[in-house]
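Residue numbers for the sequence shown follow my numbering, so the first one is 11 and each next one is one higher.
These notes are about the structure you will find just below.
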Amino acid sequence: TLGFNVGNAAKAEVKGLELDGRWQATNSLTLSGSLAFTDFEFKDYTNGRCNFGQAPNGPQAGDGFCDYSGQTNQLVSDWQGTFSANHFAELSGGLELNTSLNVFFTDDYHASASLDPALDQSGYETVNFRIGLSSPINGWEIALIGQNLTDETIVLFGGDAPLSGSSFGAIAKYNFVSRGRTGGIQLTKTF
């Protein structure tokens, strides 16, 4: 049998707290950060799409739906935050050096709409940096950039593969993952 169920939560409740700050520590150093706590709960979601292999449950189980009432939503982590440091220095000859470091962290979350535990993403931290040398008078900049220096494999979204579990009974998953560690050189010229 081919097909899929589409449902929608009738009621959900979201509570949270977010802190955000920025501090000019010196004339050349700026520190900033944020911290967020999110409490998401489906209050009434009896017609959710079951993941393949999951037995329908709840009041609409006979129609092939799963009850996600009392659970969280996809892509919602309890905690996440950032920390950034930006440093600026004037050099001789009218050159400027700009350095920035950014750290992002998040708690674990569900990567699939059907809350499939096989596609859960565990908590992680990523580190990014940028070092740029520029001449504002001459309008050029060269920068060294590094992204995801911790080389985390992060599941951004996932689900059951189309037609999974049909003809041959094989269950397959798909997911989109972030890039691993990357680096580059950026050249900029303004005219």
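Where a beta carbon is used, it is the ideal one built from N, C-alpha and C, also for glycine.
Please report the straight-line C-alpha distance between residue i and residue j, rounded to a whole angstrom.
i: Ala153; j: Leu143; result: 6 Å
i: Phe52; j: Ala182; result: 27 Å
i: Gly31; j: Asn83; result: 28 Å
i: Glu162; j: Ala95; result: 21 Å
i: Phe75; j: Ser124; result: 10 Å
i: Leu27; j: Gln196; result: 37 Å
i: Trp33; j: Thr116; result: 23 Å
i: Lys21; j: Leu105; result: 57 Å
i: Asn158; j: Arg189; result: 8 Å
i: Thr160; j: Tyr134; result: 9 Å
i: Asp130; j: Ala180; result: 20 Å
i: Asp118; j: Ala35; result: 32 Å
i: Arg191; j: Phe114; result: 14 Å
i: Phe98; j: Gly194; result: 21 Å
Just reading off the beta strand (DSSP E) that residue i is part of, what are its end residues?
i: Tyr184; result: Lys183 to Val187
i: Gln34; result: Lys21 to Gln34
i: Gly194; result: Thr192 to Lys199
i: Ala46; result: Leu39 to Asp54
i: Gly168; result: Val165 to Asp170
Take residue i as the anchor and find which of the options has the nearest alpha-carbon.
i: Tyr55; options: Arg140, Gly68, His97 and Pro172; result: Gly68
i: Pro172; options: Ser42, Asp49 and Phe62; result: Phe62
i: Leu29; options: Glu135, Cys60 and Ala46; result: Ala46
i: Gly80; options: Val24, Phe201, Gln157 and Phe139; result: Val24
i: Asn18; options: Phe50, Ala121, Gln64 and Asp77; result: Asp77
On the premise that residue j lies in contact with residue i, defined as a C-beta separation below 8 Å, what is that separation, rounded to the nearest angstrom?
i: Ile141; j: Thr92; result: That pair is no contact at about 19 Å.
i: Val86; j: Ala121; result: Val86 to Ala121, Cβ: 11 Å. No contact.
Beta-carbon of residue i versus every beta-carbon of chain B: anything under 8 Å?
i: Glu28; result: Absent from the structure is chain B; it holds one protein chain and no more.
Which whole runs of the beta strand (DSSP E) in the segment 80-162 are 3 residues long or more, in chain order?
Correct list: 89-100, 106-116, 134-145 and 150-157.
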